[in-house]
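Residue numbers (my numbering), protein chains in the order written: chain A, 1 to 231; chain P, 1001 to 1446.
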């Protein structure tokens, strides 16, 4: 495992993660970035997302029916409806996310007034659907929750929902900061948690854990394998 | 400060930059700055407050553009306490996750744990199998934690508005609650007490007695705080009509918790979307209609009283019984007990696994080092944190580690309200308004 490739062992999928050869030097006995896959030699399972057939049960039928009625482009925008563990997930075509959010907020029989959370997940499964952006909406009127999910490729983009839910402002910035998802139309899409000159997006699954030089301005700390060795 | 010639060098040092003249102000030396600025050519002054400022609640940085004492633009800069908790979780097993999440919002550690373990339990499909006693202990501890968190709010907000003695009293009473936590979990904070499947160990009788004493002690203290603050003219003037945010503003900005309730909407997820058996407790959701700092003060004071009610009911509901789920594939194998050197495995349990049963040793080892598997899927759990909605989105890919955990921390979301509350108001009201949001940067930056 060399530092040049800059890719942690186990980040490449499909094959079981390689266990790095026993280290000979380094401050903590780890060379390169070690096995950071977290799978410890186990083969990763890739769970398939399967759409749920109707009826969905609970309030889920009411929500989907109301959305279908209020939104003419329902068939084009909704890729899949999944009901799992008593939670409703609507998989949305990324370009349509703002349209759907607008109707989810405004339609009288939906009334999802609060956008509780916006975050990302790096599913690492296929290039076109690698990053999922998750929106958790809450209806205070009906006491319901629904999850919108949109899949984009790495560095992909989708419309912002900040003009519909201003609370998404910082949360979209965090998703951009951590995953590199670009929200087009966002008023100020800059890093929020990491320093503004940081390179890379730390929550990506193939972002190296350790073994990289410290990135802060002016700081010069070599990667672990070039530091003093205590033996 | 300016009177002394020798010390003035270290204060209000100035230097020229491309953006204009920059001063470093450390307190008590404002006249050096104002004296050096020509009021005709410099109408606006940009003040960078924080990240190391005692009245910004931790490492929050505010960049304020001032015209006189009026704030024309306010921007928050956060991230100074980002510790990568969400990323770290992905490299530990499910049970170890609680030791990470508890460190996010350090004033409400048990809520972080509760949100996380409820998520893991929902993924495992064991939500209904959590024992009655474990549920009750969780509610009991969450409510005690809510009081201790509100006490720190009252203490720090009091200090920031000028009621220094309030800070001492608030921290004094919080210490009482931390003693109860220490008695049970072994730690004052960062407990890792709630585990997927139950709680780490049972409440000792001594802690029950302490809680009973606390229930008698605390109402008197709450009365004392109100006697100290509510009639105080300075307190009233600094809080009433300050940093107003109505329900529309709160919902647009995603503000929940006491700030939303102070604007008049009784949205409390313990009532509206109950979890952990909160539907079985009798309590009210206090609201105010003013939507200002005063309203938030009143709501939080009333909430502490409601929490005391819940604590009392929870104590009465506490029946002897198991504190962990019976499924041995998930239940933590340790039998923890408090020893002379702190919390650890009980001696009987160590004797059993080391001496009597090879299988239980293997089982113990596998479960602790490798952990259990959680079926693939994702869930979102929202709980009523002292500051608002704490949302935990947990994703599993079927392995022994979380695939992704995202915490929607109320401090993070609520801080977005600072520009809305501060712009157009006075500089002093930025402090009162910011304090009324009760941001905890550990939770905000995670």
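All C-beta atoms in this analysis are idealised placements derived from N, C-alpha and C, irrespective of residue type, glycine included.
Item	Value
In terms of DSSP beta bridges, what is residue 155 (chain A) paired with?	The partner list for residue 155 (chain A) (beta bridge, DSSP) is empty, contrary to what the question assumes.
Determine the chain P residues that contact residue 145 (chain A) at a beta-carbon separation under 9 Å, and present them in chain order.	1273, 1380 and 1382
For residue 38 (chain A), decide whether its Cβ has a neighbour in chain P, counting only Cβ atoms nearer than 8 Å.	For residue 38 (chain A), the predicted structure reports a pLDDT of 49, less than 50, and the residue's modelled location is therefore unreliable. A value from the coordinates is still provided. Residue 38 (chain A) counts as touching chain P.
Would DSSP call residue 1416 (chain P) helix, strand or coil?	helix
Using a Cβ-Cβ cutoff of less than 8 Å, which residues in the same chain neighbour residue 22 (chain A) once the five nearest sequence positions on both sides are dropped?	For residue 22 (chain A), the pLDDT reaches just 42, beneath the cut-off of 50, and the residue's location in the model is therefore unreliable, leaving the point undetermined.
Note down, in chain order, every chain A residue with its Cβ under 7 Å from the Cβ of residue 1246 (chain P).	Within chain A, no residue comes near residue 1246 (chain P); the closest Cβ sits about 14 Å away, beyond 7 Å.
Report the neighbours of residue 169 (chain A) on chain P: residues whose CB is nearer than 8 Å to its CB, in chain order.	1416
Taking only three categories from DSSP, how would you classify residue 1378 (chain P)?	strand
For the segment 1376-1394 of chain P against the segment 1114-1121 of chain P, are there 3 or more C-beta pairs whose distance is under 8 Å?	yes
Which of helix, strand or coil does DSSP assign to residue 1144 (chain P)?	helix
Kindly identify the DSSP beta-bridge partner or partners of residue 1406 (chain P).	P:1393
Would you list, in chain order, the members of the segment 1069-1090 of chain P that have their beta-carbon closer than 8 Å to a beta-carbon of chain A?	1078, 1079, 1082, 1084, 1086, 1087 and 1090
Below 8 Å between beta carbons: does that hold for residue 1192 (chain P) and residue 1113 (chain P)?	yes
Pairs of beta-carbons, one from the segment 89-97 of chain A and one from the segment 109-122 of chain A, closer than 8 Å: are there three or more?	no
Excluding the five sequence neighbours on either side, which residues of its own chain have a C-beta within less than 8 Å of the C-beta of residue 1104 (chain P), listed in chain order?	1085, 1112, 1407, 1409, 1442, 1443 and 1446
Any heavy atom of the ligand SAM closer than 7 Å to the CB of residue 97 (chain A)?	The model depicted lacks the ligand SAM and carries no ligand whatsoever.
For residue 1404 (chain P), does the count of other Cβ atoms within 10 angstroms reach 16, so buried, or fall short, so exposed?	buried
Can you pull the chain A neighbours of residue 1391 (chain P), defined as C-beta to C-beta under 7 Å?	116, 117 and 136
Would residue 1349 (chain P) and residue 1334 (chain P) qualify as a contact pair, given that the criterion is a beta-carbon distance under 8 Å?	yes
Is the CB-CB distance between residue 201 (chain A) and residue 160 (chain A) below 8 Å?	no
Does the count of Cβ pairs from the segment 1145-1164 of chain P and the segment 1350-1364 of chain P closer than 8 Å reach three?	no
Quick one: is residue 1194 (chain P) buried, meaning 16 or more other Cβ sit within 10 Å of its Cβ, or exposed?	buried
Which value, in whole angstroms, describes the spacing of the CA atoms of residue 203 (chain A) and residue 179 (chain A)?	6 Å
Evaluate the contact criterion for the segment 1203-1211 of chain P versus the segment 1224-1236 of chain P: three or more CB pairs, one atom per stretch, below 8 Å.	no
Taking residue 1252 (chain P) as the query, report the chain A residues whose CB atoms sit under 8 Å from its CB, ordered along the chain.	165, 166 and 167
Beta-carbon of residue 1366 (chain P) versus every beta-carbon of chain A: anything under 8 Å?	no
In chain order, what residues of the same chain have a beta carbon less than 8 Å from the beta carbon of residue 55 (chain A), not counting five sequence neighbours either side?	61
Using the Cβ count rule (16 or more neighbours within 10 Å means buried), how would you classify residue 1414 (chain P)?	buried
Determine whether the beta carbon atoms of residue 1269 (chain P) and residue 1383 (chain P) lie at a separation below 8 Å.	yes
State whether the segment 1422-1442 of chain P contacts the segment 1043-1058 of chain P, with contact taken as three or more CB pairs (one from each stretch) at a distance under 8 Å.	yes
Going straight from the alpha carbon of residue 155 (chain A) to that of residue 183 (chain A), what length do you get?	10 Å
Between which two residues does the alpha helix (DSSP H) containing residue 1112 (chain P) stretch?	1109-1124
Run through DSSP, which three-state label would residue 1213 (chain P) get?	helix
Would residue 1400 (chain P) pass as a contact of residue 1371 (chain P) if the rule is Cβ separation under 8 Å?	yes
Considering residue 1193 (chain P), what are the terminal residues of the beta strand (DSSP E) in which it resides?	Neither: residue 1193 (chain P) is in no beta strand (DSSP E) and is coded neither H nor E.
For residue 87 (chain A), which option in A:177, A:52 and A:199 has the closest C-alpha, if you only look at C-alpha atoms?	A:52
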